[in-house]
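Structure first, then comments.
Number of protein chains: 2
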Amino acid sequence: MKPYAFGIDLGGTTVKCGFFKNDGSLIEKWEIPTIKDNGGVQILPDIAAAIKGKLSERNVSPEDVEGVGIGVPGPVLANGVVNGCVNLGWGVFNVAEELSGLLGGIPVVAANDANVAALGEQWKGGGEGHQNVVMVTLGTGVGGGIIVGGRILAGGHGAAGEIGHIQMRKDETAVCGCGKKGCLEQYASATGIVRMAHLALKEERKLPSLLDGKEITSKEIFDAAKAGDDAALGLVDTLGEMLGTALAHITAVVDPDVIVIGGGVSKAGQILIDAITKHYRTAAFHACRDTEFKLAVLGNDAGMYGAVRTVLNR
Amino acid sequence: MKPYAFGIDLGGTTVKCGFFKNDGSLIEKWEIPTIKDNGGVQILPDIAAAIKGKLSERNVSPEDVEGVGIGVPGPVLANGVVNGCVNLGWGVFNVAEELSGLLGGIPVVAANDANVAALGEQWKGGGEGHQNVVMVTLGTGVGGGIIVGGRILAGGHGAAGEIGHIQMRKDETAVCGCGKKGCLEQYASATGIVRMAHLALKEERKLPSLLDGKEITSKEIFDAAKAGDDAALGLVDTLGEMLGTALAHITAVVDPDVIVIGGGVSKAGQILIDAITKHYRTAAFHACRDTEFKLAVLGNDAGMYGAVRTVLNR
């Protein structure tokens with residue numbers, strides 16, 4: 000194997016770049032802005048320039064680069080074709096081939112951003128030491144990544160791990176960003192728990208007492224719950240019921256060794272894990288009932304680590 | 000690769016044995032009884048004797064056998080350890096190692112029976128030509144198998160594909176064989192639809208008119224539905240809603256290229272596929288909404304084909 004590799008995590012605002020040794024140790028990380036003008040036509044040339052600049056700065060020959068892994072915020076097929084990225088203005092094209100061409104033929108592997116984050120956590124984070132990992136990212140939405148035998152499960156349409164869109168309620172009237180109603184992320188994301196708090200305020204005319212007069216955020220709700228506020232505890236329990244039940248569905252399908260919980264909401268810590276596992280243990284198939292839950296540890300670097308892993312473990 | 004291989008499908012009543020060329024063509028198939036006395040201690044020696052007898056009968060040297068694949072009715076880890084088979088009286092031990100020892104070292108691969116059936120259908124059945132397949136077996140219960148990249152997804156506890164135990168209802172009072180309440184197989188199996196018919200009779204005091212006076216079976220219900228009976232159509236629709244919704248959950252996790260429906264209930268044919276897809280298309284994530292449904296084609300031979308595939312594609 001060649002001595003160096005790059006892991007790139009392409010986000011809607013910034014591109015996180017990592018320069019690695021082939022043993023997975025990070026040499027340097029830096030960021031460049033994501034310029035989304037004109038259908039995002041400049042994004043890949045900017046990334047190629049960043050990589051070539053780093054090689055030049057460090058006097059490393061492109062011949063000494065094993066490859067570049069890149070995580071992309073949209074569905075990506077196993078062959079590198081991105082199936083549209085609304086956030087970037089991208090349509091359907093082969094990201095891996097195009098970036099490789101801009102890099103003079105350095106091999107490129109592309110995958111979905113939630114999936115590379117899961118691979119990063121499996122490799123060097125909360126799932127370290129396990130080959131089969133389900134990762135759930137609780138942020139604005141609910142993302143997911145399925146790692147089987149140490150590799151990303153991409154799916155036939157690049158949609159494996161889209162667990163935020165498991166339909167948890169048939170009677171929901173609010174519409175999810177995906178167009179359906181009753182999706183997991185309408186309840187179990189930062190946005191979801193705030194939405195439920197507003198519903199509690201509006202429909203039941205009561206709001207967690209500790210939240211009175213404050214802008215409601217996911218963090219405020221968890222803080223109130225930790226302080227013992229009943230209404231906030233109820234909201235956290237509902238999130239736990241939705242997510243715990245969905246994870247019981249998920250483990251009946253892929254039966255991971257471990258479940259890793261990450262994303263901004265996971266900063267709530269043990270109270271979140273407790274709320275999820277309480278409902279998970281009830282709903283799960285007996286062989287999976289004791290599956291371990293871990294908090295993610297790599298934070299915003301998970302995608303960069305997972306991206307480089309895709310080229311170091313082809 | 001050596002010229003021959005065996006595929007063994009170990010069931011609770013009979014063992015289906017297949018002798019194959021290494022290109023996957025079947026030379027001969029036969030059955031032996033499953034003797035479950037004394038904790039099933041005789042089962043593997045009987046299978047070993049059947050294999051050695053066939054080799055002797057055909058003047059084939061054990062040296063010319065690539066391996067033996069065996070499907071087992073219980074959870075099996077990727078390393079061949081069976082995690083207890085209640086039906087056979089088996090506890091926890093390494094089936095693959097033990098059978099290999101009885102065969103003088105011929106390599107053995109063991110996997111769960113529903114999983115090898117799924118692999119058989121992916122290889123030479125309803126999923127042929129696709130690498131990523133979800134198979135659902137609708138029989139007495141609801142079994143499942145997940146094929147990713149042409150290989151069985153076994154799971155960390157041998158429980159991947161246990162989709163019959165996805166909890167579809169929180170308000171169910173009847174208990175599933177697994178000890179939980181509200182599992183998919185309580186609604187979507189042959190037993191499940193008959194159970195729902197009895198509930199309709201008891202609770203609503205009305206029974207599908209065409210069923211009056213007959214013993215209720217899954218086949219009778221589907222036949223009545225095909226003849227236009229409203230109550231039977233309602234029962235089929237409920238089965239379709241439960242299974243279609245569960246399959247939408249499943250595709251949001253593993254996103255297969257195709258979904259194969261098999262087992263005795265699948266003999267109902269297109270009316271079953273129509274009932275499932277009607278609800279599936281509503282509940283599925285948009286990228287998976289048009290995932291194709293196929294009927295299984297190998298019938299009782301699926302396990303034997305899938306079992307031999309595990310040794311021909313290691």
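Protein chains in written order, with numbering that gives the first Met the number 0: chain A, 0 to 313; chain B, 0 to 313. Quick reminder that beta carbons are idealized off the backbone N, C-alpha and C, glycines included. Only a predicted model underlies this, so the values are computations on that prediction, with no experimental measurement involved.
My guess is that residue i and residue j are in contact by the Cβ rule of under 8 Å, so how many angstroms apart are they, rounded?
i, j, result
"glycine 73(B)", "glycine 39(B)", "No, glycine 73(B) and glycine 39(B) are not in contact; Cβ-Cβ is about 11 Å, not under 8 Å."
"valine 133(A)", "alanine 109(A)", "With a Cβ gap of about 22 Å, valine 133(A) and alanine 109(A) do not count as contacting."
"histidine 156(B)", "alanine 286(A)", "5 Å"
"leucine 152(B)", "isoleucine 145(B)", "4 Å"
"threonine 33(B)", "glycine 11(B)", "6 Å"
"serine 188(A)", "valine 115(A)", "At roughly 20 Å, the Cβ-Cβ gap does not stay under 8 Å, so serine 188(A) and valine 115(A) are not in contact."
"glycine 90(A)", "glycine 100(A)", "Their Cβ separation, rounded to whole angstroms, is 17 Å, which puts glycine 90(A) and glycine 100(A) out of contact at 8 Å."
Confirm, please, whether the CB-CB distance from residue j to residue i is below 9 Å.
i, j, result
"glycine 6(A)", "glycine 68(A)", "yes"
"alanine 49(A)", "isoleucine 31(A)", "yes"
"leucine 98(A)", "alanine 47(A)", "yes"
"alanine 199(B)", "leucine 242(B)", "no"
"glycine 124(A)", "alanine 301(A)", "yes"
"phenylalanine 292(B)", "alanine 251(B)", "no"
"tyrosine 279(B)", "glycine 23(B)", "no"
"glycine 143(A)", "glycine 126(A)", "no"
"glycine 239(B)", "threonine 190(B)", "no"
"valine 135(A)", "glycine 268(A)", "no"
"valine 257(B)", "threonine 290(B)", "yes"
"glycine 119(A)", "arginine 313(A)", "no"
"lysine 15(B)", "asparagine 299(B)", "yes"
The alpha helix (DSSP H) spanning residue i covers which residue range?
i, result
"valine 310(A)", "301 to 311"
"alanine 251(B)", "229 to 253"
"isoleucine 46(B)", "42 to 56"
"valine 94(B)", "94 to 101"
"lysine 218(A)", "217 to 225"
"asparagine 37(A)", "36 to 39"
"alanine 187(B)", "184 to 187"
CB-CB under 6 Å to residue i, same chain, minus the five flanking residues each way: which ones, in chain order?
i, result
"isoleucine 318(A)", "With chain A covering 0 to 313 only, the question about residue 318(A) has no answer from this structure."
"alanine 77(B)", "Ala153"
"arginine 150(B)", "none"
"valine 141(A)", "Gly163, Leu183, Glu184, Ala187, Ser188"
"alanine 231(A)", "Pro207, Ile220, Ala223, Ala224"
"proline 2(B)", "Asn21, Asp63"
"glutamine 41(B)", "Ile34"
"cysteine 177(B)", "His164"
Please classify residue i: is it buried, with 16 or more other beta-carbons within 10 angstroms of its beta-carbon, or exposed?
i, result
"isoleucine 174(B)", "Sequence check: residue 174(B) is valine here, not isoleucine. That one is exposed."
"alanine 295(B)", "buried"
"glycine 255(A)", "Correcting the residue identity first, residue 255(A) is proline in this sequence and not glycine. The residue in question, proline 255(A), is buried, as its Cβ has 16 or more Cβ neighbours within 10 Å."
"isoleucine 26(B)", "exposed"
"tryptophan 122(B)", "buried"
"methionine 195(B)", "buried"
"asparagine 111(B)", "buried"
"valine 259(A)", "buried"
"tryptophan 228(B)", "Reading off the sequence, residue 228(B) comes out as aspartate, not tryptophan. The residue in question, aspartate 228(B), is buried, as its Cβ has 16 or more Cβ neighbours within 10 Å."
Going by beta carbon distance, what residues of the same chain come within less than 8 Å of residue i, once the five residues before and after it are set aside?
i, result
"threonine 172(B)", "Lys180"
"valine 94(B)", "Leu43, Ile69, Val71, Val75, Gly79, Val80, Val81, Val107, Ala109"
"valine 193(A)", "Ile215, Thr216, Ser217, Ile220"
"valine 253(B)", "Asn131, Val133, Ile145, Val147, Leu152"
"serine 60(B)", "Leu54"
"phenylalanine 13(A)", "Strictly speaking, residue 13(A) in this sequence is threonine, with phenylalanine absent from that position. Glu30, Ile31, Pro32, Thr33, listed in sequence order."
"leucine 197(A)", "Strictly speaking, residue 197(A) in this sequence is histidine, with leucine absent from that position. Closer than 8 Å at Cβ, skipping near neighbours: Ile215."
The beta strand (DSSP E) spanning residue i covers which residue range?
i, result
"isoleucine 26(B)", "25 to 32"
"asparagine 114(B)", "Per DSSP, asparagine 114(B) belongs to no beta strand (DSSP E); it is in the alpha helix (DSSP H), 112 to 123."
"glutamate 291(B)", "291 to 294"
"leucine 271(A)", "Segment 269 to 282 is the alpha helix (DSSP H) holding leucine 271(A); no beta strand (DSSP E) there."
"leucine 9(A)", "3 to 9"
"asparagine 82(B)", "80 to 84"
"threonine 139(A)", "First-last for threonine 139(A): undefined, no H or E at that position."
"valine 14(A)", "13 to 20"
"glutamate 65(B)", "64 to 71"
"isoleucine 258(A)", "257 to 261"
Among residues of its own chain, excluding the 5 on either side of residue i, which ones have a beta-carbon nearer than 7 Å to its beta-carbon?
i, result
"alanine 225(B)", "Reading off the sequence shown, one finds lysine at residue 225(B), where the question assumed alanine. Cβ within range, chain order: Ile270."
"valine 310(A)", "Ala4, Glu65, Gly66, Val67, Gly68, Pro106, Val108"
"methionine 0(B)", "Asn21, Glu65"
"aspartate 236(A)", "Ala274"
"lysine 169(B)", "Gly181"
The ligand NAD and residue i: does any heavy atom of the ligand fall closer than 8 Å to the residue's C-beta?
i, result
"asparagine 37(A)", "In the structure shown, the ligand NAD is absent, as is every other ligand, since no ligand is present at all."
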